[in-house]
Amino acid sequence: MTRVLLLGGGYVTLHAYATLLRRIGRRVRSGEVEIVVISADRAHRFHGFTGELIAGMVDSDRLATPLTEAMPDARIILGRAVDIDPLRREVVYRRDGDETDATLGYDHLVVGTGAKEPTAHVPGLREHGHTLRGPDEIGELAEQLAARPGSPVVVAGGGVAGAELAAAIADRGHPVTLVHSGARLLGEWADQPRLVARTEAELARLGVRVLAGTRLARVAASAAMLSDGTSIPAGTVVAATGQRPVRIPGLGRWRDEHGRLRTRRTLAVAPGVWAAGDGARVTHPVTGVSVPANALWAIKGGDHIGRSVARELGGRRARRFGYRGLGRAASFGFGHGIAELYGIPLTGAVAWLMRLAFFLRFMPSRRRAAAVVADLTRYAVRPRRQRVGRAAAGAPALLPTGS
Ligand SMILES: Cc1cc2nc3c(=O)[nH]c(=O)nc-3n(C[C@H](O)[C@H](O)[C@H](O)COP(=O)(O)OP(=O)(O)OC[C@H]3O[C@@H](n4cnc5c(N)ncnc54)[C@H](O)[C@@H]3O)c2cc1C
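Using the working numbering, the first residue of the sequence shown is number 220, and each one after it goes up by one.
This is the structure in structure tokens:
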């Protein structure tokens, strides 16, 4: 029997699985090829509609698809990979709730363990704040916001994730301060100044106060302390301050200076080891620069790995990854968005609808995609006064540290 081992239950592995099933489903179902998934999370999380979830537009269960449902022909092991031996082709893992390690061999290994927000450099963040990438972290944030209606919130991080999150939290009636270390928001969109300006206007419309040129330095139970010495009262602090690849020991010599797994043109890292997504450095087939860490590239990388593994299992050579990209999008409340499609900037309802159509297309479950459409329709027709109220209050006061 041949074993394909998928690490993680995110975009890369889900799409590698789906492509493998399309190509060699008969061999999988006959038991000739076994697909095993080791995942720290029991569900695949569809991050694209995080803002809609936080703003109360869609229910949380739409965005979490149990792995047993998303990958029905795979053997799912809930736990963490803790070591990889690429020479022996073995992975050491620990099941949830188990103290002992177990070992599993593989013929092909797909590393799709993604990345996490760093927490160690901000004292108090782990204890009092929120990050977004762990199992159920987004649900916990939504619950906390629901339990503290109208309380002030600080969001750290001026990238697209931070800006979308700040907009969504403001949309549900919280006064929000967005803190970021750069001069302008959306550093990764600097080549689209019109869209950056539109983002700033959208946040202003929602009453989000933006503090540039300062960092989140410390988090206490009811305040966020900044690097410029100010302290902001906050019932909730959320960090969307970039990410670090999840580093499983054993593949150190294939990692770049940021900890990403360096992939070749085929997305192979080493013989029998493949990687893509947020934990990998994948170079663009035309420009040669690293592709961005977002869902589209993780999905396309996963698809390609699925094809490559199927080809190698059929005795053929893997092809080069040739995907060239499509664009990107962000949402700032119902009907408000920005998007770039093949370099063309779009704003407003057109951008928002394009993003919606694109995300629905890539949701792992048609049933859940239909439920998202139903939720959004309900939200749109609900009388405005019944929706979560917009923040009437202004931004929280700035207090000097120690006051
Ligand atoms: C809040 C939020 C909003 C986002 N919004 C957008 C958006 O609007 N558009 C967009 O394009 N991108 C968005 N992204 C980014 C997008 O989600 C990522 O680029 C994408 O998830 C990367 O896919 P991946 O497969 O590499 O990793 P992930 O999807 O993060 O999957 C990693 C998987 O590995 C598991 N794992 C981690 N460590 C281990 C271990 N040691 N052993 C086993 N399993 C492990 C995790 O539990 C998870 O299942 C957003 C991300 C976040 C957090």
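For every residue, glycine included, the Cβ atom is placed at its ideal position computed from N, Cα and C.
Label residue i either buried or exposed according to how many other C-beta atoms from any shown protein chain fall within 10 Å of its C-beta, with 16 as the threshold for buried.
i	result
Y236	buried
E336	buried
V569	exposed
L360	buried
H234	buried
T396	buried
R281	buried
T482	buried
T232	buried
F325	The amino acid occupying residue 325 in the given sequence is Tyr; Phe does not appear at that position. With 16 or more Cβ atoms within 10 Å of its Cβ, Y325 is classed as buried.
A611	With a pLDDT of only 37 at A611, under the threshold of 50, the placement of this residue in the model should not be trusted; the figure read from the coordinates follows. Answer is exposed; the Cβ neighbour count stays below 16.
A576	exposed
Relative to the alpha-carbon of residue i, which residue among the options has its alpha-carbon at the smallest distance?
i	options	result
I357	V395, G324, G244 and T455	T455
E531	L233, G448, T232 and I243	I243
A590	L272, G229, S258 and T350	L272
P504	F581, G541 and T433	G541
D317	V427, G267 and G298	G298
S527	T502, Y561 and R484	R484
R417	V501, V247, H349 and T566	T566
E476	P305, A489, P452 and S509	S509
L470	V301, F578, D292 and P564	V301
G520	G533, A548 and V488	V488
W493	V329, T506 and G348	V329
A588	T284, I254 and L240	T284
Short of 6 Å in beta carbon distance, which residues of its chain neighbour residue i, apart from the five on each side in sequence? Order them along the chain.
i	result
T332	L226, G227, V465 and G498
F551	A386 and E421
P342	R437
H327	V223, G491 and V528
I512	Looking at the sequence itself, residue 512 is Ala, so the reference to Ile does not match. Cβ within range, chain order: D497.
Got a sec? Which residues, its chain only, sit under 7 Å from residue i by beta carbon, not counting five neighbours each side?
i	result
L515	L545
L286	G228, V256, S258, R261, A262, H263 and I295
R463	A334, K335, P337 and G478
G554	A568 and W571
D447	T433
R246	V252
Identify every residue that forms a DSSP beta bridge with residue i.
i	result
D304	E309
A458	A375
A548	A558
P285	A262
H349	V457
E253	R222
Considering only residues of the same chain and omitting the five flanking positions on each side of residue i, which have a CB-CB separation below 8 Å?
i	result
A321	V311, Y312, R313 and R314
P564	Q411, R413, L414, I557 and A558
I'd like the ranges of any alpha helix (DSSP H) spanning at least 4 consecutive residues and lying wholly in the segment 359-427. You should have 379-390 and 412-424.
Give, in chain order, every unbroken run of the beta strand (DSSP E) that is at least 3 residues long and sits entirely within the segment 501-555. 546-550, all fully within the segment 501-555.
Hey, which unbroken runs of the beta strand (DSSP E) at 3 residues or more fall wholly within the segment 471-505? Runs of the beta strand (DSSP E) inside the segment 471-505: 487-489 and 492-494.
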